[in-house]
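There are 2 protein chains.
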Amino acid sequence: MMMMMWDLFVAQSIRDEDGEGKGKKEKQEYLEEKYPNHPLLPHDLAKKAINYQAANIVSSSIQPLVMLPVLNYIGENVGPEAKIQWVQKQAGKGFAALEKLLKDYAGKYATGDEMSLADVFLAPQIIGLSQRFNFDMSEFPLLSRLNEAYKHVAAIQDAMPEKQPDFPIN
Amino acid sequence: MMMMMWDLFVAQSIRDEDGEGKGKKEKQEYLEEKYPNHPLLPHDLAKKAINYQAANIVSSSIQPLVMLPVLNYIGENVGPEAKIQWVQKQAGKGFAALEKLLKDYAGKYATGDEMSLADVFLAPQIIGLSQRFNFDMSEFPLLSRLNEAYKHVAAIQDAMPEKQPDFPIN
Chain A
1 MMMMMWDLFV AQSIRDEDGE GKGKKEKQEY LEEKYPNHPL LPHDLAKKAI
51 NYQAANIVSS SIQPLVMLPV LNYIGENVGP EAKIQWVQKQ AGKGFAALEK
101 LLKDYAGKYA TGDEMSLADV FLAPQIIGLS QRFNFDMSEF PLLSRLNEAY
151 KHVAAIQDAM PEKQPDFPIN
Chain B
1 MMMMMWDLFV AQSIRDEDGE GKGKKEKQEY LEEKYPNHPL LPHDLAKKAI
51 NYQAANIVSS SIQPLVMLPV LNYIGENVGP EAKIQWVQKQ AGKGFAALEK
101 LLKDYAGKYA TGDEMSLADV FLAPQIIGLS QRFNFDMSEF PLLSRLNEAY
151 KHVAAIQDAM PEKQPDFPIN
């Protein structure tokens, strides 16, 4: 499983046989069906739905709103301070929803004691926001705990952007 | 299948046994696995991946950027004209990606001659943007053709917001 999570977590782009690049979410869905022996999703339907929900909160309600083109637009047209406030507000709303969603399911990781789809989406979002914006995680105790747990997952640490061969040095 | 698509297309919220509301994308995923006899996804893996991609372009790269909270923010902090330009630019990027993605797969509908997941995401996005913003679809011939096709799908027409019992009259 870790290898597959890796493919997903590290990859900036994967290409299938006909050379078509894919986004992160569809990569996961594609890999999951192409490699059914390495599940990122639990078999239990309700728990699977929680994983979908968590992944989708990140990919539809947080990430698109805090990505660079949006932040640059706000920085240029409203102001640099507004940019930070925007991130705190939008990511804060998403994180609050995730805290509520995961509270009855979280174990060592987001939905139990095994890494699963939810973690694959949560880890880069939480790590990225804390590093790039000194995002204050103190209101989000569950996500803060997951953030700590991710520090001990070698696969996540090895997948950090700065460890990749094409990470820009300057 | 139509009934299920309808559940999905119409629903502002569905609730499972424990009363948890869900977002649109996870509703689809949940319904698909709960009612496997009414597939929204083709069996062919590559075509399925195209459906995932199209759905995700809508749910992660278009919808979050053109939703009301974002547009209100831009309207208030940058200006009303900026709001329209923003929608044209962001939705335009997403629509251009969809044109390219679907060009080798589209039939009567997005990925063939049957309605599928891609259509369930595309229809409300295309219809919503054309109605709310007079969005100029002329650069997007394939999506314009789909938009015409959707006008003849009774289920889509019946699911229009103004046909719902809780549609605000004023």
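Chain order of the listed sequences is A and B.
Just so you know, UniProt numbering puts the end of the first sequence at 170, numbered straight through with nothing missing.
Just so you know, UniProt numbering puts the end of the second sequence at 170, numbered straight through with nothing missing.
Built from N, CA and C at the ideal position, the CB exists for glycine as well.
N-terminal and C-terminal residue of the alpha helix (DSSP H) that residue i is part of
i	result
K48 of chain B	L45 to N56
L142 of chain A	P141 to Y150
I156 of chain B	A154 to D158
L40 of chain A	Counting along the chain, L40 of chain A falls outside any alpha helix (DSSP H), and DSSP gives it neither H nor E.
K83 of chain A	P80 to L102
Assigned secondary structure, residue i (DSSP; H/G/I helix, E/B strand, else coil)
i	result
Y73 of chain A	helix
E20 of chain A	Here the model assigns E20 of chain A a pLDDT of 48, short of 50, so the residue's position is not dependable and the matter cannot be decided.
G107 of chain A	coil
G112 of chain A	strand
I169 of chain A	coil
Q164 of chain A	coil
F135 of chain B	coil
I126 of chain B	helix
Cutoff 7 Å; reference residue i; Cβ partners in own chain excluding five residues on either side
i	result
L142 of chain A	E99, L102, K103 and A106
M137 of chain A	S130, L143, S144 and N147
A82 of chain B	I74
Own chain, CB closer than 6 Å to residue i, minus 5 neighbours either side, in chain order
i	result
I50 of chain A	Y105 and T111
P161 of chain A	F167
I156 of chain A	A123 and Y150
I127 of chain A	none
Integer-rounded CB distance, given that residue j should sit under 8 Å from residue i
i	j	result
L41 of chain B	K48 of chain B	5 Å
Q85 of chain A	L65 of chain A	The Cβ separation is near 13 Å, so there is no contact.
F135 of chain A	V87 of chain A	7 Å
A149 of chain A	K93 of chain A	In fact, because the Cβ distance is near 23 Å, the residues do not count as touching under 8 Å.
Q164 of chain B	I62 of chain B	The pair is not a contact, with the Cβ atoms about 22 Å apart (cut-off 8 Å).
residue 181 of chain A	L45 of chain B	Residue 181 of chain A cannot be examined here, being either before or after the span of chain A that is shown, 1 to 170.
F133 of chain A	F95 of chain A	Not confirmed; about 12 Å, so no contact.
Residues near residue i in its chain [Cβ-Cβ closer than 8 Å; skip 5 each side]
i	result
A97 of chain B	I57 and S61
Hey, is the stretch 103-120 of chain B in contact with the stretch 49-56 of chain B, meaning 3+ C-beta pairs nearer than 8 Å? yes
Counting pairs of Cβ atoms below 8 Å between the stretch 76-87 of chain A and the stretch 66-81 of chain B, do you hit three or more? yes
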